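2 protein chains.
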Amino acid sequence: MSALGFALLGTAGAARRGRLHTAHGTVETPAFMPVGTAATVKAMTAEAVAATGAEIVLGNTYHLMLRPGAERIAGLGGLHKFMNWRGPILTDSGGFQVMSLAPLCAADEDGVVFRSHFDGSEHRLTPERSIAIQDLLGADISMCFDECTRYPVSAEEAAASMRRSMRWAERSRAAFRERPGHGLFGIVQGGVHPELRSESAARLVGIEFDGYAVGGLAVGEGTEAMLRVLDGTVPRLPEDRPRYLMGVGRPQEIVAAVARGIDLFDCVLPTRSGRTGQAFTRRGRINLRNARFAGDERPLDEGCGCPACRGYSRAYLHHLFRCHEMLGPMLLTWHNLRHYQELMAALREAIMRDDLGAAAGALSCPGEEPAVGSSSPVTAGA
Amino acid sequence: MSALGFALLGTAGAARRGRLHTAHGTVETPAFMPVGTAATVKAMTAEAVAATGAEIVLGNTYHLMLRPGAERIAGLGGLHKFMNWRGPILTDSGGFQVMSLAPLCAADEDGVVFRSHFDGSEHRLTPERSIAIQDLLGADISMCFDECTRYPVSAEEAAASMRRSMRWAERSRAAFRERPGHGLFGIVQGGVHPELRSESAARLVGIEFDGYAVGGLAVGEGTEAMLRVLDGTVPRLPEDRPRYLMGVGRPQEIVAAVARGIDLFDCVLPTRSGRTGQAFTRRGRINLRNARFAGDERPLDEGCGCPACRGYSRAYLHHLFRCHEMLGPMLLTWHNLRHYQELMAALREAIMRDDLGAAAGALSCPGEEPAVGSSSPVTAGA
Numbered sequence: 000m001s002a003l004g005f006a007l008l009g010t011a012g013a014a015r016r017g018r019l020h021t022a023h024g025t026v027e028t029p030a031f032m033p034v035g036t037a038a039t040v041k042a043m044t045a046e047a048v049a050a051t052g053a054e055i056v057l058g059n060t061y062h063l064m065l066r067p068g069a070e071r072i073a074g075l076g077g078l079h080k081f082m083n084w085r086g087p088i089l090t091d092s093g094g095f096q097v098m099s100l101a102p103l104c105a106a107d108e109d110g111v112v113f114r115s116h117f118d119g120s121e122h123r124l125t126p127e128r129s130i131a132i133q134d135l136l137g138a139d140i141s142m143c144f145d146e147c148t149r150y151p152v153s154a155e156e157a158a159a160s161m162r163r164s165m166r167w168a169e170r171s172r173a174a175f176r177e178r179p180g181h182g183l184f185g186i187v188q189g190g191v192h193p194e195l196r197s198e199s200a201a202r203l204v205g206i207e208f209d210g211y212a213v214g215g216l217a218v219g220e221g222t223e224a225m226l227r228v229l230d231g232t233v234p235r236l237p238e239d240r241p242r243y244l245m246g247v248g249r250p251q252e253i254v255a256a257v258a259r260g261i262d263l264f265d266c267v268l269p270t271r272s273g274r275t276g277q278a279f280t281r282r283g284r285i286n287l288r289n290a291r292f293a294g295d296e297r298p299l300d301e302g303c304g305c306p307a308c309r310g311y312s313r314a315y316l317h318h319l320f321r322c323h324e325m326l327g328p329m330l331l332t333w334h335n336l337r338h339y340q341e342l343m344a345a346l347r348e349a350i351m352r353d354d355l356g357a358a359a360g361a362l363s364c365p366g367e368e369p370a371v372g373s374s375s376p377v378t379a380g381a
Numbered sequence: 000m001s002a003l004g005f006a007l008l009g010t011a012g013a014a015r016r017g018r019l020h021t022a023h024g025t026v027e028t029p030a031f032m033p034v035g036t037a038a039t040v041k042a043m044t045a046e047a048v049a050a051t052g053a054e055i056v057l058g059n060t061y062h063l064m065l066r067p068g069a070e071r072i073a074g075l076g077g078l079h080k081f082m083n084w085r086g087p088i089l090t091d092s093g094g095f096q097v098m099s100l101a102p103l104c105a106a107d108e109d110g111v112v113f114r115s116h117f118d119g120s121e122h123r124l125t126p127e128r129s130i131a132i133q134d135l136l137g138a139d140i141s142m143c144f145d146e147c148t149r150y151p152v153s154a155e156e157a158a159a160s161m162r163r164s165m166r167w168a169e170r171s172r173a174a175f176r177e178r179p180g181h182g183l184f185g186i187v188q189g190g191v192h193p194e195l196r197s198e199s200a201a202r203l204v205g206i207e208f209d210g211y212a213v214g215g216l217a218v219g220e221g222t223e224a225m226l227r228v229l230d231g232t233v234p235r236l237p238e239d240r241p242r243y244l245m246g247v248g249r250p251q252e253i254v255a256a257v258a259r260g261i262d263l264f265d266c267v268l269p270t271r272s273g274r275t276g277q278a279f280t281r282r283g284r285i286n287l288r289n290a291r292f293a294g295d296e297r298p299l300d301e302g303c304g305c306p307a308c309r310g311y312s313r314a315y316l317h318h319l320f321r322c323h324e325m326l327g328p329m330l331l332t333w334h335n336l337r338h339y340q341e342l343m344a345a346l347r348e349a350i351m352r353d354d355l356g357a358a359a360g361a362l363s364c365p366g367e368e369p370a371v372g373s374s375s376p377v378t379a380g381a
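Residue numbers (numbering that gives the first Met the number 0), protein chains in the order written: chain F, 0 to 381; chain A, 0 to 381.
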């Protein structure tokens with residue numbers, strides 16, 4: 000019996016339509032979690048994040064332990080209250096980011112010593128400390144502390160790294176304070192090596208977690224290799240627990256991973272793209288900085304009901320990015336998060352209809368929008 | 000008969016409670032206009048600006064003629080549609096900003112030649128071109144093109160500059176296309192010299208405008224000198240037309256100017272302050288970057304109902320500014336604009352009660368918030 004409730008409502012092949020119950024409410028799965036690195040989904044109020052349809056957000060242990068500090072957030076009533084987010088929060092363990100962001104990072108069997116990339120101060124992360132921090136933050140879902148395996152790497156190194164992560168997973172499980180509505184996820188590692196992934200999955204299932212993540216992907220191995228790992232890994236995870244593909248990704252990758260039985264996703268792509276003028280639309284990706292939008296009266300995406308598409312033209316969004324106005328990133332972040340939530344809603348409906356193949360086509364359109372569309376605008380002053 | 004409707008609903012001494020009717024709706028006066036320089040009130044959606052209580056915003060001719068261009072905005076349906084603002088818009092003439100922002104600016108009797116501070120391209124502004132641009136933008140209230148008199152300056156120079164502005168006011172009036180709900184305001188100049196201000200006011204009233212602005216203030220002369228100019232100028236303006244004090248200002252200056260019969264204000268102070276962590280509260284100004292707020296659980300202003308005060312602690316706002324998160328400027332801009340609108344609402348009510356003196360005390364508190372308040376917070380992790 001898990002401390003998190005997870006109910007399967009339907010399936011379509013390997014794809015699952017589920018419902019995850021946490022201390023801060025319910026998440027309809029498959030679900031996409033916007034990334035709220037420093038206790039804020041960048042350029043969005045918490046109300047706006049909820050208005051996009053997001054039901055759960057992700058917080059980053061590495062950033063929050065450094066600024067403002069886990070004890071500080073606990074003293075202020077926890078991360079939910081601090082960032083005014085009423086829904087569930089999943090926190091990562093800090094393992095991935097400490098190794099990718101912190102200078103002078105040294106790992107041994109106990110854990111990781113590193114310097115803050117903000118002020119150079121020295122810090123230590125171990126499985127026990129990572130779990131304690133996630134507890135102080137008040138996470139609904141905590142992640143095991145694991146080692147981020149470099150890519151590319153030899154099979155020997157991948158094996159050693161994965162086995163250390165499995166020992167850390169045992170320590171994480173032992174350190175985790177069980178209570179209703181709060182759960183701990185294990186993370187399958189093993190690089191692109193099927194036998195290591197199988198070994199890792201078996202170790203974690205033996206320990207027993209409230210959910211299982213597939214980690215160490217989207218690090219340069221390519222979509223095809225990533226999907227091969229999922230094909231080999233997901234069938235080895237228990238059906239009655241949620242599955243989370245960490246840090247992925249592009250809309251078409253999400254569709255492919257849902258088809259393979261993944262329930263939870265996070266990625267900075269919609270938010271980071273929004274801040275740099277890149278939008279996801281039903282006709283493909285577009286870069287609002289492009290001069291061809293200077294006189295384009297059309298909304299960003301005619302099929303979208305977000306504030307950016309309801310109230311403004313592409314010409315206006317282009318103008319905002321050209322003038323470095325904050326409203327550009329604000330509106331485009333909102334739109335991209337809304338687009339991702341619409342994609343997830345379409346996938347959930349498609350699973351219930353057992354029609355996953357046709358469902359999410361436009362919303363996961365992988366290319367650039369065609370430059371000359373069928374509804375080419377007539378604009379004055381262009 | 001003016002093309003703008005203006006009704007006086009009540010007075011308290013020289014202070015006036017009025018209602019200004021424009022093509023895009025009604026403005027309750029005295030009113031504060033948020034500044035939407037580049038077709039956006041920085042860090043705010045148009046819906047959010049309206050939600051603060053603002054009924055009219057200001058657009059800057061200088062910025063908009065350069066980016067994206069007046070003809071471009073006209074081709075896209077005008078400034079209201081472009082920036083998704085349904086209420087009235089007042090545009091300045093570009094005169095002040097061309098002289099303060101543009102490099103290589105040369106003025107003669109015809110107008111001003113300047114280079115764009117964005118790309119160095121050469122442009123020309125004359126009274127006729129300024130009025131044409133404001134017409135292309137679709138301004139509800141246009142401003143006469145005038146010369147920005149430097150400060151400090153000799154009485155001779157101030158006189159010559161003012162008289163040129165009065166000749167330009169005549170040309171602006173002649174160029175203005177009259178239509179219902181749209182009006183043109185003259186701008187009183189003359190520096191800090193009472194006789195020049197009187198001469199300027201008389202010239203403008205002789206031409207007849209739909210409203211009268213007092214310009215050339217808040218340029219370094221100090222509050223006392225500014226109020227002396229108002230004392231000498233406002234009584235020379237017709238009672239049945241709105242009066243606008245340009246670029247002012249601090250809450251206590253707004254209160255003093257309302258008491259002297261001013262109806263309209265604009266200033267970048269609430270928005271610019273919000274972006275740098277400065278907040279206006281009922282207990283005084285505070286700088287959210289200050290370390291003493293790191294553990295402060297209180298809302299920014301207990302008496303305020305804005306999203307920043309309803310949903311977040313000072314500690315959280317401090318964290319956002321320390322981490323350079325966009326949500327900090329977003330929330331603080333919203334709060335400061337709300338604070339200004341509450342000040343204006345309090346002033347409007349006070350005029351109707353004929354009790355202007357006591358009314359706006361807390362909302363126009365000029366000092367810093369006391370460091371140790373009566374409700375000093377008890378915080379953990381501090």
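Every residue gets a Cβ at the ideal spot worked out from N, C-alpha and C, and that includes glycine. Computed from a prediction, not measured in an experiment: that's the story for all the values here.
Two segments are said to touch when three or more pairs of C-beta atoms, one from each, lie closer than 8 angstroms; by this definition the region 304-322 of chain A touches the region 74-83 of chain F. Contact between F:L3 and F:D265 is absent: CB atoms are separated by about 17 angstroms, not below the 8 angstroms threshold.
Scanning chain F for C-beta atoms nearer than 9 angstroms to the C-beta of A:F320 yields nothing, as the closest lies near 11 angstroms away.
In this chain, A:E220 is not harboured by any beta strand (DSSP E), its DSSP state being neither H nor E. Residues of chain A with a Cβ closer than 7 angstroms to the Cβ of F:A37 are, in chain order, C322, E324. Fully contained in the region 271-333 of chain F are the following beta strand (DSSP E) runs of length 3 or more, in chain order: 277-280, 283-286.
For A:Y311, the neighbours in chain F by C-beta distance under 7 angstroms run, in chain order, N83. Distances from the CA of F:L89 to each of F:E156, F:T36, F:Q277, F:R176 were compared; the closest alpha carbon is that of F:T36. In the three-state scheme derived from DSSP, where H, G and I count as helix and E and B as strand, F:S153 is classed as coil.
Judged by DSSP secondary structure, A:M43 falls outside any alpha helix (DSSP H); it is assigned neither H nor E. Nearest CB-CB separation between A:M329 and chain F: below the 8 angstroms threshold. Within chain A, no C-beta atom comes nearer than 9 angstroms to that of F:A361; the closest sits roughly 26 angstroms away. Pairwise C-beta distances place the region 12-20 of chain A out of contact with the region 298-305 of chain A, as fewer than three of them are shorter than 8 angstroms. Between the C-alpha atoms of A:L57 and A:V34 there is a straight-line separation of about 5 angstroms.
Think of a sphere of 7 angstroms around the beta carbon of F:E296: the chain A residues whose beta carbon falls inside it are L75, in chain order. Between the beta-carbon of F:G276 and that of F:L331 there is about 7 angstroms, and that keeps the pair under the 8 angstroms contact cut.
Annotation: A:V204 is outside any beta strand (DSSP E); the continuous alpha helix (DSSP H) that includes it extends over 193-206.
DSSP lists no bridge partner for A:H62. The shortest CA-to-CA distance from F:A314 to any of A:T21, A:L75, A:N59, A:E46 is the one to A:L75.
When DSSP states are grouped into helix, strand and coil, F:G356 belongs to the helix group. Scanning its chain for C-beta atoms nearer than 6 angstroms, with the 5 sequence neighbours on each side dropped, one finds around A:M225 the residues L216, in chain order. Rounded to whole angstroms, the separation of the alpha carbons of F:A11 and F:R347 is 10 angstroms. F:E252: member of the alpha helix (DSSP H) spanning 250-258, first to last residue. Using a CB distance cut-off of 8 angstroms, A:A314 counts as an interface residue toward chain F. A:G248 has its alpha-carbon roughly 42 angstroms from the corresponding atom of F:L136.
Annotated three-state conformation of A:G94 is helix, per DSSP. A straight line joining the alpha-carbon of A:T25 with that of A:A6 spans about 11 angstroms. Looking only at F:E220, F:N286, F:S171, the smallest Cα-Cα distance to F:Q133 is reached by F:S171. Closest in alpha carbon position to A:F31, among A:E54, A:G9, A:E46, is A:E54.
When the Cα atoms are used, A:A158 and A:G246 turn out to be separated by approximately 21 angstroms.
Residue state for A:A212 is assigned as strand, using DSSP reduced to three classes. Contact between the region 222-236 of chain F and the region 162-171 of chain F is absent: fewer than 3 CB-CB pairs across the two stretches fall below 8 angstroms. Taking C-beta atoms under 8 angstroms as the contact rule, A:S99 and A:M142 fail to qualify, at a distance of about 15 angstroms. The way I'd put it, the region 341-356 of chain A doesn't touch the region 58-66 of chain F; fewer than three beta-carbon pairs between them come closer than 8 angstroms. Straight-line measurement puts the Cα of F:R71 at about 33 angstroms from the Cα of F:M161. One finds nothing in chain A with a Cβ atom closer than 8 angstroms to the Cβ of F:P269; even the nearest lies about 15 angstroms away.
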